[in-house]
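Worksheet: one structure, shown below.
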Amino acid sequence: MYSDFQKHLQAELERISDAGLYKDERVIGSPQAAEIELVDGQRVLNFCANNYLGLSNSPELIEAAKKALDTHGYGMSSVRFICGTSDLHKELEEKIAAFFGTEDTILYAACFDANGGLFEPLLTSEDAIISDSLNHASIIDGVRLCKAKRYRYENADMEDLENRLAAAQEQRFSIVVTDGVFSMDGNVAPLDKILKLAEKYNALVMVDESHSAGVVGKTGRGVTELFNVKGRVEIITGTLGKAFGGAIGGFTTGKKEIIALLRQRSRPYLFSNSIPPLVAAAGSRMIDMMTETNELQDKLHYNTSYFVDHISEMGFDIKPTQSAICAVMLYDARLSQEFASRLLDEGIYVIGFSYPVVPEGEARIRVQLSAAHVQEHLDKAIRAFEKIGKEMKVV
Ligand SMILES: *Cc1c(COP(=O)(O)O)cnc(C)c1O
Numbered sequence: 478m479y480s481d482f483q484k485h486l487q488a489e490l491e492r493i494s495d496a497g498l499y500k501d502e503r504v505i506g507s508p509q510a511a512e513i514e515l516v517d518g519q520r521v522l523n524f525c526a527n528n529y530l531g532l533s534n535s536p537e538l539i540e541a542a543k544k545a546l547d548t549h550g551y552g553m554s555s556v557r558f559i560c561g562t563s564d565l566h567k568e569l570e571e572k573i574a575a576f577f578g579t580e581d582t583i584l585y586a587a588c589f590d591a592n593g594g595l596f597e598p599l600l601t602s603e604d605a606i607i608s609d610s611l612n613h614a615s616i617i618d619g620v621r622l623c624k625a626k627r628y629r630y631e632n633a634d635m636e637d638l639e640n641r642l643a644a645a646q647e648q649r650f651s652i653v654v655t656d657g658v659f660s661m662d663g664n665v666a667p668l669d670k671i672l673k674l675a676e677k678y679n680a681l682v683m684v685d686e687s688h689s690a691g692v693v694g695k696t697g698r699g700v701t702e703l704f705n706v707k708g709r710v711e712i713i714t715g716t717l718g719k720a721f722g723g724a725i726g727g728f729t730t731g732k733k734e735i736i737a738l739l740r741q742r743s744r745p746y747l748f749s750n751s752i753p754p755l756v757a758a759a760g761s762r763m764i765d766m767m768t769e770t771n772e773l774q775d776k777l778h779y780n781t782s783y784f785v786d787h788i789s790e791m792g793f794d795i796k797p798t799q800s801a802i803c804a805v806m807l808y809d810a811r812l813s814q815e816f817a818s819r820l821l822d823e824g825i826y827v828i829g830f831s832y833p834v835v836p837e838g839e840a841r842i843r844v845q846l847s848a849a850h851v852q853e854h855l856d857k858a859i860r861a862f863e864k865i866g867k868e869m870k871v872v
């Protein structure tokens with residue numbers, strides 16, 4: 478039996494490869510950091526991690542995790558409601574709520590699960606979900622699992638959103654759902670305008686702060702801080718896998734009744750294991766660090782402006798960004814692959830993105846800045862962009 482299926486899979490893999498879409502994985506032999514070592518021994522500066530605050534290899538987080546290993550062991554061997562809840566889980570949930578100015582938090586194994594288990598317990602076929610066209614795959618999957626009527630509006634297009642909100646008036650409850658930062662362009666959701674429209678049409682608002690938590694806003698509280706609307710959205714989801722230490726874990730934080738119902742009904746929470754205590758402990762330490770000082774957030778903001786200013790001065794086209802993502806537009810798919818590969822030869826690790834990940838004719842190199850980058854790293858990257866940009870006649 479397997480031989481037919483095997484042939485089918487081999488053909489499918491070939492199609493992926495022929496379309497130039499086969500994703501190879503580079504193997505890293507060092508910790509995740511601003512400078513990493515690949516297993517072939519090449520040392521490169523990393524400009525493509527979500528390690529926005531440089532915490533992936535933070536001595537403080539490692540120490541907190543090690544301590545928790547000694548006091549709380551390795552695994553929980555249970556879901557939360559059976560015997561998988563430790564004091565460390567409760568502490569982290571409270572700290573996340575305090576950080577975002579919300580009422581309560583529920584942890585998940587990943588933000589993919591937080592989004593996947595969010596809508597189905599809260600909404601029924603009587604309700605409406607109005608979702609940005611560029612929302613993350615996990616939101617799309619979560620919406621699919623829910624029977625609510627679906628509406629989709631063009632990315633950050635408020636006129637389109639208003640039309641959908643008006644159309645959704647016949648449903649019982651409506652919720653507007655958006656990423657905080659859209660990961661391909663680095664633009665933010667216009668949350669102030671979204672909230673105004675939500676008020677006008679009596680809708681709830683959910684924002685996924687995965688790429689914005691720790692990054693956006695003066696103190697890194699995300700887009701609700703940027704637009705000065707902290708505490709006004711009903712639901713925030715986010716990940717511990719990006720700025721917040723980069724290990725694993727996700728959360729939903731918001732109104733206490735919403736969180737309470739999720740604890741009763743959210744399937745990835747009810748039927749999937751608790752995060753290990755060491756991750757919860759390091760998460761709490763991470764929130765403490767971000768609350769005690771603004772050093773990392775300030776450093777990230779400085780690094781981002783420095784890089785963006787220099788790259789645009791050189792004549793590169795970049796997408797307007799309000800995050801730590803800088804999309805350097807090259808438009809042509811082959812050109813961006815070649816550009817990224819030449820940057821790697823210069824010791825700069827970035828990824829070229831092209832169709833279907835971004836619209837056709839909008840190929841680009843996505844650069845992600847980090848608080849872990851020091852001046853020398855930024856200057857080296859900028860010089861490499863200039864050198865290759867000139868060689869390839871982009872600038
Ligand atoms: C990365 C990301 C996720 C997934 O987070 P994980 O914790 O890695 O599952 C969800 N939503 C958005 C917007 C993301 O960028």
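Residues in the sequence shown are numbered consecutively from 478, following this note's numbering. Even for Gly, the Cβ is constructed at its ideal location relative to N, Cα and C.
Buried or exposed: which applies to residue i, given that a residue is buried once 16 or more other Cβ atoms fall within 10 Å of its Cβ?
i	result
S831	buried
E686	buried
P833	exposed
S897	Since the first residue of the chain shown is 478 and the last is 872, residue 897 is not available in this structure.
T582	buried
F482	exposed
M869	exposed
Q487	exposed
G792	exposed
D822	exposed
E734	exposed
S660	buried
Y499	exposed
T601	exposed
I493	exposed
Q845	buried
D786	exposed
V872	exposed
P508	exposed
Y479	exposed
S818	exposed
H485	exposed
A633	buried
A526	buried
In three-state DSSP terms, what is residue i?
i	result
V665	strand
Y551	coil
A840	strand
F728	strand
A848	coil
C588	helix
E514	strand
Y529	coil
G506	coil
S800	coil
T601	coil
L498	coil
D634	coil
Y746	helix
G760	helix
S689	coil
F830	strand
K864	helix
R629	strand
M683	strand
Indicate, with yes or no, if ligand 1 has a heavy atom lying under 7 Å from the CB of residue i.
i	result
S615	yes
N592	yes
A440	Only positions 478 to 872 of the chain appear in this structure, which leaves residue 440 out of reach.
S818	no
A587	yes
G697	no
G718	yes
D685	yes
D669	no
G792	no
G727	yes
S847	no
D618	no
S494	no
S743	no
D656	yes
S751	no
Confirm the yes/no value for this check: CB of residue i, any heavy atom of ligand 2, distance under 7 Å.
i	result
G731	No copy of ligand 2 appears in this structure; the ligands present are ligand 1.
The stretch 749 to 758 contacting the stretch 550 to 565, beta-carbon criterion three pairs below 8 Å: The stretch 749 to 758 is in contact with the stretch 550 to 565.
Stretch-stretch touch, CB-based, cutoff 8 Å, three pairs: the stretch 593 to 613 with the stretch 726 to 740: Yes, the stretch 593 to 613 is in contact with the stretch 726 to 740.
Touching by the beta-carbon criterion (3+ pairs, under 8 Å), the stretch 797 to 814 and the stretch 770 to 787: Yes, they touch.
Touching by the beta-carbon criterion (3+ pairs, under 8 Å), the stretch 603 to 617 and the stretch 561 to 573: These segments do not touch.
Validate contact between the stretch 658 to 672 and the stretch 681 to 701 using beta carbons, cut 8 Å, 3 pairs: The stretch 658 to 672 is in contact with the stretch 681 to 701.
Touch test, the stretch 718 to 733 against the stretch 531 to 539, Cβ-Cβ under 8 Å, three pairs minimum: The stretch 718 to 733 vs the stretch 531 to 539: in contact.
Stretch pair the stretch 643 to 662 + the stretch 619 to 632: three plus CB contacts closer than 8 Å: Contact holds between the stretch 643 to 662 and the stretch 619 to 632, because three or more Cβ pairs, one in each stretch, are under 8 Å apart.
At least three beta-carbon pairs within less than 8 Å, the stretch 755 to 766 to the stretch 540 to 551: As far as the Cβ criterion goes, the stretch 755 to 766 touches the stretch 540 to 551, which means the pair count is three or higher.
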